[in-house]
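Enquirer: Before anything else, here's the structure in question.
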Amino acid sequence: MNRKVVIFLFVLSFAIKGKAQDFQLGKVTVEELQEKQHPTDTSAVAAVLFKKARTFFTYSVKAGFIANHEVKYRIKIYKKEGLKWATFVVPYYIGYEELTPDVIKFSDAVTYNLDQDKISKTKLTSEGSFVEKINRYWKKTSVTLPNVKVGSVIEFKYVHKSENIFKFPDMIIQYNIPVNNFEYTTEIPEMYLYKSIQNGYVEVNSTNEITKGSCSFENEFRNLSYLNFTQINTKYAVQNVPALHEEIFINNIENYTSKIQQELERVRYTDKPDKDYSITWEGVSKTIFKEKEFGEELLKAKYFVPHVSRFLDWKTTQTEKMEAIFKHVQQKMSWDKTFGVYVDKGVEKAYEASSGNVAEINFILVNMLNLAGLNASPVLASTIDNGVSVFPGRTGFNYVMVSVIADGKSYLLDAASKFTAPNIYPLFLVNWSGRAVQSDGNSTEIKLTDTALSKSIFGINVKIDANGVIKGNYKNQKTDFEALAFREMNVGGTTEAQIEKIESKHNGLTISDYSITNLKTDLSKPVLEAYSFEMVHSFDIIENKMYLNPLLFLKELKNPFTTQDRKLPIYFGPTKQEKFIISIEIPQGYILENLLVPIKLEAQDNLASFSYNAKLDGNILQVVVSSQINKVIVAADYYEMLKEFFQRTIDKLNEKIVLKKA
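With UniProt numbering, letter number 144 in the sequence shown gets 144, and the count goes up by one each step, no holes.
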């Protein structure tokens with residue numbers, strides 16, 4: 001991920017490339033309406049012709065300075081798939097304790113069409129605007145423009161008004177459609193110093209100048225007054241921003257979207273020392289424990305005394321106690337699928353109801369573990385969908401896990417998910433880092449991408465008859481995160497549905513005696529899938545020879561990396577090893593004409609490895625293939641190397657053995 005941090009302390013000047021243009025709403029041209037496709041991206045379903053934004057401050061006696069974020073859009077619709085851009089949604093925060101909730105106001109929303117070479121306008125009415133509460137902390141305002149069709153140009157403006165001057169809303173530069181022109185100006189009173197971070201790979205130019213600013217406001221006597229000050233104007237501009245599309249092996253595309261993020265760094269006073277607003281993780285720890293819905297709920301251990309004592313009998317070691325408590329909470333509690341770091345009804349009511357949000361369930365776990373004499377702490381985490389927090393702060397987290405030390409060993413626990421185990425947490429949490437927080441302000445970074453090596457070991461034994469029919473037995477043992485993914489995918493399914501799912505992927509495959517062992521019994525142990533199978537038409541017979549791929553149906557034999565280049569990091573997920581152990585009984589009357597040559601490959605910096613071995617023992621051909629991914633996320637700089645590495649493995653996996661009639 002590419003982030004450039006810029007702190008504007010002095011007047012900096014950078015040349016802005018391209019011709020300066022004054023983008024204004026209401027100036028739609030016939031040429032824009034006649035345009036049939038985007039000039040540089042013919043696949044684009046729509047394009048942002050311009051996005052022009054401005055952040056400026058107003059003032060009130062009660063609230064002081066108020067941030068106003070004004071954003072204007074002009075969007076062209078090229079294809080029917082682009083009609084979804086007729087609806088635009090802006091989420092905003094309402095969960096402040098001391099500040100007035102944010103306000104979003106749309107205006108100047110118009111749809112332009114070309115009717116008989118004349119421009120027609122359709123304005124948005126109140127029926128096309130909606131406000132919806134997402135949860136106790138967030139709302140969203142949306143507009144759906146009328147009469148939008150292929151060829152339309154739409155325009156609108158909204159103003160996001162907020163008393164929160166500590167962190168501005170992200171100013172998005174890049175979307176999944178091209179952006180022809182982007183311009184963003186901030187007008188900041190010089191007493192406020194903001195840290196500006198540019199996220200993504202798009203190079204944004206900027207200029208900076210000092211000017212005079214002023215605000216009019218109503219004083220305590222309801223008279224109009226003026227506040228004059230020096231301000232720093234910063235202008236960001238970029239043209240021809242390419243669309244950002246999903247690629248294979250991406251965790252959250254929004255992590256790599258080009259955008260500008262700003263946070264208050266310092267307030268400079270003329271009559272007293274400057275005040276530093278830089279937030280540290282230690283500061284986050286201290287303040288979050290002061291929240292009633294967080295800190296107080298971690299001090300409820302006494303409530304759980306009669307409950308814990310029931311299932312700790314005969315548990316002597318800390319590890320045994322941890323496992324018993326974890327299993328109890330995991331089995332008793334049902335997660336309501338609500339994310340967040342605060343409780344809703346509280347741990348006591350949640351426990352009585354056997355249902356709660358993720359904070360309530362894992363806070364129950366913390367209380368019980370501490371009651372049993374273990375050292376447990378909440379861990380703030382962010383799901384993949386929630387992204388990666390640039391600045392230290394509570395809003396960057398939307399999940400709570402548990403860190404505990406048992407018999408000198410550290411564990412991460414999540415009792416909200418039904419198929420997790422100690423140190424095996426949901427796949428959507430294999431993202432960035434968590435923070436184990438304590439009431440005294442201490443916090444510890446926990447790398448959630450430092451996962452145990454999960455394994456998936458496949459074993460098949462097959463016989464081939466003279467008619468080319470293959471019969472065999474299949475087993476697949478999965479551990480850790482691989483087992484977790486398998487359990488979540490297959491729980492609740494029927495044997496018939498699973499057989500149909502496998503058979504539908506492979507022509508000529510018939511399955512019988514299907515079974516899964518340890519799907520729900522002991523989640524810390526491997527899960528085993530097994531079945532018998534029969535295959536027809538699975539290889540070529542030419543004259544007196546059989547041409548057979550030893551891997552049969554076990555693995556996809558295509559390179560996942562097909563694009564010429566890549567700008568985004570590669571997300572593989574938890575580190576893992578795949579191993580295939582294949583035994584093939586050569587049919588009577590045939591001999592092996594070629595024994596495949598062994599190969600061993602190592603990717604640069606030990607990112608991945610691959611080995612292929614084959615040996616003949618009597619009439620049994622044994623092939624052992626092993627592939628391993630050793631890093632969760634890999635920089636895009638490695639793409640060419642990995643593309644070549646995968647191609648070499650695919651080439652090897654596509655090799656066939658030849659069985660010749662004796």
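The C-beta atom is built at its ideal place from N, Cα and C for all residues, glycine as well.
Since the model is a prediction, treat every value here as computed from it, not as a measurement.
Let me know the secondary structure DSSP gives Lys661 once reduced to three states.
Expert: strand
Enquirer: Residue ranges of each beta strand (DSSP E) run of no fewer than 3 residues wholly in the segment 529-589, ordered along the chain?
Expert: 540-542, 545-548, 576-585
Enquirer: Quick one: what does DSSP say Phe646 is sitting in, helix, strand or coil?
Expert: When DSSP states are grouped into helix, strand and coil, Phe646 belongs to the helix group.
Enquirer: Mind checking Arg268: buried by the 16 CB within 10 Å criterion, or exposed?
Expert: exposed
Enquirer: Decide yes or no for the touch test of the segment 340-358 against the segment 295-315: beta carbon pairs closer than 8 Å, at least 3 of them.
Expert: yes
Enquirer: Looking only at its chain, what residues have a beta carbon closer than 6 Å to the beta carbon of Met535, apart from the 5 residues adjacent to it on each side?
Expert: Answer for Met535: Ile470, Gly508, Leu509, listed in chain order.
Enquirer: Helix, strand or coil: how does DSSP classify Ile16 here?
Expert: A caution first: Ile16 carries a pLDDT of 33, below 50, which makes its placement in the model unreliable, though a value can still be read off. Here Ile16 sits in coil by DSSP.
Enquirer: Whole-angstrom Cβ separation of Pro378 and Val358, contact assumed at under 8 Å?
Expert: Contact flag wrong, Cβ pair sits at about 11 Å.
Enquirer: When you compare the CB positions of Leu380 and Phe391, do they come within less than 8 Å of one another, or not?
Expert: 8 Å or more divides the Cβ of Leu380 from the Cβ of Phe391.
Enquirer: Which runs of the alpha helix (DSSP H), 4 residues or longer, sit entirely within the segment 319-358?
Expert: Runs found: 347-353.
Enquirer: What number of angstroms, rounded off, separates the C-alpha of Val200 from the C-alpha of Val48?
Expert: With the sequence shown as reference, residue 200 is identified as Gly, and Val is not the correct amino acid for it. Distance from the CA atom of Gly200 to the CA atom of Val48, rounded to whole angstroms, is 18 Å.
Enquirer: Would you mind giving the Cβ-Cβ distance between Met333 and Ile361, rounded to the nearest angstrom? I have them listed as a contact below 8 Å.
Expert: 5 Å
Enquirer: Under DSSP, the alpha helix (DSSP H) around Pro306 begins and ends at which residues?
Expert: 305-310
Enquirer: For a quick check, are the C-beta atoms of Val430 and Lys478 less than 8 Å apart?
Expert: Taking 8 Å as the Cβ cut-off, Val430 and Lys478 do not qualify as a contacting pair.
Enquirer: Might you give, ordered along the chain, the residues of its own chain that have their beta carbon closer than 6 Å to the beta carbon of Val623, omitting 5 neighbours on each side?
Expert: Pro550, Ile582, Ala614
Enquirer: Return yes when the Cβ of Arg136 is within less than 8 Å of the Cβ of Leu193, no when it is not.
Expert: no
Enquirer: Which same chain residues, not among the five before or five after Phe50, have their C-beta less than 7 Å away from its C-beta?
Expert: Phe23, Arg74, Asn180, Asn181
Enquirer: Are the segment 139-152 and the segment 211-221 in contact at 8 Å, needing three or more beta carbon pairs?
Expert: no
Enquirer: What separation, rounded to the nearest whole angstrom, lies between the Cα atoms of Leu299 and Val343?
Expert: 13 Å
Enquirer: Can you tell me the Cβ-Cβ gap for Gln318 and Val241, rounded? I've got them flagged as a contact below 8 Å.
Expert: The Cβ separation is near 54 Å, so there is no contact.
Enquirer: I'd like to confirm the pairing. Which residues does DSSP put opposite Asp276 in its beta bridges?
Expert: Arg266
Enquirer: Select from Gly64, Tyr236, Tyr78 the residue whose C-alpha is nearest the C-alpha of Lys52.
Expert: Tyr236
Enquirer: Taking the alpha-carbon positions, what's the Ser354 to Ala416 distance?
Expert: Each residue's Cα considered, the two are about 11 Å apart.
Enquirer: Do the segment 80-98 and the segment 35-48 touch if we need at least three Cβ pairs shorter than 8 Å?
Expert: At 8 Å Cβ cutoff, the stretches touch.
Enquirer: Starting from the C-beta of Gln37, find all residues in its chain whose C-beta is less than 8 Å away, skip the five residues before and the five after it, and write them out in chain order.
Expert: Ala44, Tyr78
Enquirer: Among Ala483, Val400, Ala421, Lys409, which one has its Cα closest to the Cα of Arg435?
Expert: If you compare the alpha carbons of Ala483, Val400, Ala421, Lys409 with that of Arg435, the shortest gap goes to Val400.
Enquirer: Would you check if there are 3 or more beta carbon pairs closer than 8 Å linking the segment 157-175 to the segment 102-119?
Expert: yes
Enquirer: Leaving out the 5 sequence neighbours to the left and right, which residues in its chain are closer than 6 Å to Ile599 when beta-carbon positions are compared?
Expert: Tyr612, Lys652
Enquirer: Look up Asp407 in the DSSP assignment and say whether it is helix, strand or coil.
Expert: coil
Enquirer: Per DSSP, what kind of secondary structure is Arg487 in: helix, strand or coil?
Expert: helix
Enquirer: By the three-class DSSP mapping on this structure, what secondary structure does Val153 have?
Expert: strand
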